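Engineer: The end of the sequence shown is residue 848 by my numbering, with every number in the run present.
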Amino acid sequence: MKTKLKLYQKSKKSGFTLLETIIAIGITCLTCMMIFSTLQIVWKINANETKNDRLQWEQFRSVIESSNLDFKYVRVDNENDELILYSDAMDDFYELDLYKQQIRMRRKIDGYMPLLYNVQKVEWRYDENRKSIFISIRIHGREYSEEYIMDRKK
């Protein structure tokens, strides 16, 4: 009887029971599923943000390239982050400026039209030799840039 008692005592060492192991595996699986679903949501949000930013950029480009406005370069005011253009078609001056993380287009008479949102940085540069304007914009940490051939207003 002493031998049976010793064998029974030896098997009573501390360790996981089958039920504890199943619960631990279940909790681990649930945690992994929660982490993976959270990552999927973050990836989708980031992908949608990128798509929206790209769409805004393309719309901005279409306004600058619009034959309805037919812009000519006037000047760049780097202190105020402004680009001044003249529209031959509308016979009016337009200012593009960075204001409260928006690129907005406005005329002296009217209000303004926001063209881009969530803009962190803008750079306007005109090259006299090439007769082109270089526009670089940072939205949500991503850089978008384009060069437009544009004559200077005489």
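Note that beta-carbon positions come from the ideal geometry of N, C-alpha and C, so glycine has one too.
Please read these numbers as outputs of a predicted model, since none were measured by experiment.
Specify whether the stretch 717 to 736 and the stretch 797 to 816 touch according to this definition: at least 3 beta carbon pairs, one from each stretch, less than 8 Å apart.
Structural biologist: With a cut-off of 8 Å, the stretch 797 to 816 and the stretch 717 to 736 do not count as touching, because too few Cβ pairs lie within range.
Engineer: By a C-beta neighbour count over all protein chains shown, 10 Å radius and 16 as the cutoff for buried, is Gln750 buried or exposed?
Structural biologist: In the sequence shown, counting from the first residue as 1, residue 750 sits at position 56. Buried: at least 16 other Cβ atoms inside 10 Å.
Engineer: Quick check for students: name the residue ranges of the beta strand (DSSP E) that lie wholly in the stretch 786 to 816, counting only runs of 3 or more.
Structural biologist: The qualifying runs are 786 to 793, 796 to 800 and 806 to 811.
Engineer: Are there 16 or more other CB atoms within 10 angstroms of the CB of Met737, so buried, or fewer, so exposed?
Structural biologist: As a working mapping, residue 737 is identified with position 43 in the sequence shown. What sits at residue 737 in the sequence shown is Trp, not Met. Trp737 is exposed by the Cβ-count criterion.
Engineer: Enumerate, from N- to C-terminal direction, the unbroken beta strand (DSSP E) stretches of 3 or more residues contained entirely within the stretch 704 to 763.
Structural biologist: DSSP runs (the beta strand (DSSP E)) wholly in the stretch 704 to 763: none.
Engineer: Ile829: buried (16+ other C-beta within 10 angstroms of its C-beta) or exposed?
Structural biologist: Numbered from 1 along the sequence shown, position 135 holds the residue referred to as residue 829. It counts as buried.
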